[in-house]
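Numbering (this note's numbering), first residue to last: 192 to 696.
Yeah, the Cβ is synthetic: ideal placement off N, Cα and C, and Gly gets one too.
What follows is a single structure, written as structure tokens, with notes after it.
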Amino acid sequence: MNRKILAASCLAASLIAGCSAVSTDNSSQKLSNTGKNSMSQDMTRAVLSHNDGWAAAEGQVTGGSDALDAHIYTVSSRKAFVDALKEAGNSPKIIRISGTINLSSNDQGRELTEADYRVAPYNFEDYKNAYAPAVWNIQPLIKKRPNRDLTGPQEEARLASAKKQKDQIVIDVPSNTSIIGLGKNAKIIKGTLQISADVENVIIRNIAFEDAFDYFPGWDPGDSFKIDPNYPGCMGEYVNANQGPQKCPGGRWNSEYDLISINGGKRVWIDHSTFSDGDRPDSMFPPVYPFPQNEITQKVQHHDGLVDITNQADLVTISNSYFHDHDKAFLIGNSDGKTADTGYLRVTLHGNYFKNVGQRMPRVRYGKVHVYNNYFVGNAQGDGVGANAYERHVDSLINKPKHNIVRQVLGAGKESAIYSEANVFEIENGNPSHAIGNMKGKVAYDQGSMFNGKMIDIVEEANKASGKPLSKDVGWTPTLYGPTPVLPASEVIDYVKENAGAGKL
Numbered sequence: 192m193n194r195k196i197l198a199a200s201c202l203a204a205s206l207i208a209g210c211s212a213v214s215t216d217n218s219s220q221k222l223s224n225t226g227k228n229s230m231s232q233d234m235t236r237a238v239l240s241h242n243d244g245w246a247a248a249e250g251q252v253t254g255g256s257d258a259l260d261a262h263i264y265t266v267s268s269r270k271a272f273v274d275a276l277k278e279a280g281n282s283p284k285i286i287r288i289s290g291t292i293n294l295s296s297n298d299q300g301r302e303l304t305e306a307d308y309r310v311a312p313y314n315f316e317d318y319k320n321a322y323a324p325a326v327w328n329i330q331p332l333i334k335k336r337p338n339r340d341l342t343g344p345q346e347e348a349r350l351a352s353a354k355k356q357k358d359q360i361v362i363d364v365p366s367n368t369s370i371i372g373l374g375k376n377a378k379i380i381k382g383t384l385q386i387s388a389d390v391e392n393v394i395i396r397n398i399a400f401e402d403a404f405d406y407f408p409g410w411d412p413g414d415s416f417k418i419d420p421n422y423p424g425c426m427g428e429y430v431n432a433n434q435g436p437q438k439c440p441g442g443r444w445n446s447e448y449d450l451i452s453i454n455g456g457k458r459v460w461i462d463h464s465t466f467s468d469g470d471r472p473d474s475m476f477p478p479v480y481p482f483p484q485n486e487i488t489q490k491v492q493h494h495d496g497l498v499d500i501t502n503q504a505d506l507v508t509i510s511n512s513y514f515h516d517h518d519k520a521f522l523i524g525n526s527d528g529k530t531a532d533t534g535y536l537r538v539t540l541h542g543n544y545f546k547n548v549g550q551r552m553p554r555v556r557y558g559k560v561h562v563y564n565n566y567f568v569g570n571a572q573g574d575g576v577g578a579n580a581y582e583r584h585v586d587s588l589i590n591k592p593k594h595n596i597v598r599q600v601l602g603a604g605k606e607s608a609i610y611s612e613a614n615v616f617e618i619e620n621g622n623p624s625h626a627i628g629n630m631k632g633k634v635a636y637d638q639g640s641m642f643n644g645k646m647i648d649i650v651e652e653a654n655k656a657s658g659k660p661l662s663k664d665v666g667w668t669p670t671l672y673g674p675t676p677v678l679p680a681s682e683v684i685d686y687v688k689e690n691a692g693a694g695k696l
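Right, dumping it as structure tokens:
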């Protein structure tokens, strides 16, 4: 039986004033005063409320709320942050972020850039030229794609360079940890927080995450490659400079780093945080190859996801957070072939704000994902107009958009079971098929949502335009809503704008 969406006008004022579903551990010891950036003991030791989303399904997420004074840290540098994580290990710990922590910096605080990580003979121009479609794609195809196993000194040096960067900027978070931003300006930039397998009970709140920049993205010549006769000269075998696989569309730049990677971890609560590419959006790095490898999606991709949840990660709640100015927000499940993810990847998203994000909000495989009271704002213009891929490609080069093109908000992938309630979609130049896309999925459910000002069932409306309709029988009904009711869609916009993001606790 479907949970009724409650009309909660009488609660709106109190919800807007304090939107987090938290309780506090009053038995914990007092924290020391940190001056103008001080947070109350209650906020620093806040824990997830009972029943607040999937994260609470197997007991309360407490993070480091039971930390002794010796395991409460205030840090303002990468070195201090890493030292605190290592010193406390799996013991309960609270790490308070003061100011900006640059994960791509050395122990003396100097920022490390491409020159610090680069291993000779890597050079982007030489790499680009070595694997250019006009050079690489003239080889015989393998299973109707160019060889995706790049070889040669440039690829070897790129991989070595990437390892140096990864070793510096990917920070492992242990179990029983609370990472809390102080005040309104706490940031973690230019790196990844990773919550790996065997790690659980983690809380992250009130932090702006920006710019997990990959200096060494790799070119994948077979990604999205297609032998399409509509493209002049596109053929499966090389004939000459004007005829062959090098004239076919496809190939993508791929990057490595997410701002947060929940890579097998469980019982994680992310709340009141902000995620973006910062001041280096991928729009600054346009395609580098000529037609037909110059679609907007073939830009040099220096950022991966904002938050990815993969490899049997489980029991995650993401609430009251702001995701903006990015292409692919996050994956829940990263491969159709990972059948071991069955029974895992249970995630709740509520009260979040997505603005100028292109896709994957989220894109789901295998998981049972509850999405309610979120606000999605974007623009679908710019995907190209035409009767076939070639015509759309040409059109998109003429009408280049400055925004991230909304391709789909919710992606129903293989064996996924998305349950959507009372979400608001404002997609300029869009239609309900932009709200939810069938990506090898079979089921999805929606009730009480609003699309461009109209109350609709996004699944039913998207099915009308799809040759691959989704059944609404998802096989489960959410029960973990926390202490507050679901807001009706008419109240979601004000609530989310008031509450979502860092600096609003």
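Run through DSSP, which three-state label would Trp-327 get? helix
Where do the ends of the beta strand (DSSP E) carrying Leu-384 lie? 383-387
Alpha-carbon to alpha-carbon, Ile-500 and Gly-456: 9 Å
Count the CB pairs spanning the stretch 384-395 and the stretch 360-373 that are closer than 8 Å, and state whether there are at least three. yes
Extent of the continuous alpha helix (DSSP H) run through Ile-649: 649-655
Three-state secondary structure assigned by DSSP to Thr-533: coil
Mapping DSSP to helix, strand and coil, what is Ser-219? Any reading at Ser-219 needs caution, since the residue's pLDDT is 29, under 50, leaving its predicted position unreliable; the model's value is listed next. It is coil, neither helix nor strand.
DSSP three-state label for Ile-380, please. strand
Local Cβ density within 10 Å of Met-630, reported as buried at 16 or more and exposed below that: buried
Sufficient close CB pairs (3 or more, under 8 Å) joining the stretch 313-329 to the stretch 279-296: no
Is the Cβ-Cβ distance between Arg-396 and Ile-461 less than 9 Å? yes
Among Gly-280, Ser-268, Glu-486 and Gly-250, which residue has its Cα nearest to the Cα of Ala-261? Gly-280
Per the contact definition of three or more C-beta pairs closer than 8 Å, is the stretch 640-653 in contact with the stretch 585-595? no
Is Pro-270 near Asp-307, with beta carbons less than 9 Å apart? Rather than Pro, the amino acid found at residue 270 in this sequence is Lys. Not a contact, by the Cβ cut-off of 9 Å.
Trp-444: which of Ile-394, Ser-510, Asn-392 and Val-491 sits nearest, CA to CA? Val-491
For the alpha helix (DSSP H) containing His-517, list its first residue and its last residue. Counting along the chain, His-517 falls outside any alpha helix (DSSP H), though it belongs to the beta strand (DSSP E) covering 513-519.
What distance in whole Å lies between the Cβ atoms of Lys-559 and Ala-608, which are believed to be in contact at a cut-off of 8 Å? 5 Å
Going by CA-CA distance only, name the one from Val-585, Asn-622, Lys-605 and Ala-603 that's closest to Val-597. Asn-622
For Arg-458 and Lys-354, I'd like the C-alpha separation in whole angstroms. 29 Å
Using only alpha-carbon positions, find the residue among Tyr-563, Ala-520 and Val-538 that is nearest to Phe-545. Ala-520
When the distance is taken between beta carbons, is Thr-539 closer than 9 Å to Ile-509? yes
In terms of residues, what are the limits of the beta strand (DSSP E) holding Ile-370? 368-372
What does a CB cutoff of less than 8 Å around Asp-574 pick up in its chain, not counting 5 residues either side in sequence? Arg-583, Ser-587, Ile-596 and Arg-598
Which residues in the same chain have their Cβ closer than 6 Å to the Cβ of Gly-692, if we skip the five residues on either side of it in sequence? Thr-465 and Tyr-513
Nearest to Ile-292 by alpha carbon, out of Ala-247, Ala-348, Gly-372 and Ser-352? Gly-372
Please decide whether Lys-695 counts as near chain D, where near means a Cβ-Cβ distance under 9 Å. Among the protein chains of the structure shown there is no chain D, as only one such chain exists.
So, with DSSP's three-state summary, where would you put Val-361? strand
Residues in its own chain within less than 8 Å of Asn-320 by CB, not counting five upstream and five downstream? Val-326
Contact between the stretch 235-255 and the stretch 663-683 (3+ Cβ pairs under 8 Å): yes
What do you reckon, are the CB atoms on Asp-295 and Gln-356 nearer than 9 Å? In the sequence on display, residue 295 carries Ser and not Asp. Closer than 9 Å, so yes.
Report the residue from Asp-637, Lys-655 and Gly-658 whose alpha carbon sits nearest the alpha carbon of Asp-648. Asp-637
Taking the alpha-carbon of Arg-471 as reference, which of Ile-333, Asp-405, Glu-249 and Leu-536 has the nearest alpha-carbon? Asp-405
Using DSSP bridges, identify the partner residues of Lys-546. His-515 and Val-568
Could you tell me if Asn-454 is buried or exposed, where buried requires 16 or more neighbouring beta carbons within 10 angstroms of its beta carbon? buried
So, are the CB atoms of Glu-447 and Pro-408 less than 9 Å apart? yes
How is Lys-284 classed by DSSP in three states: helix, strand or coil? strand
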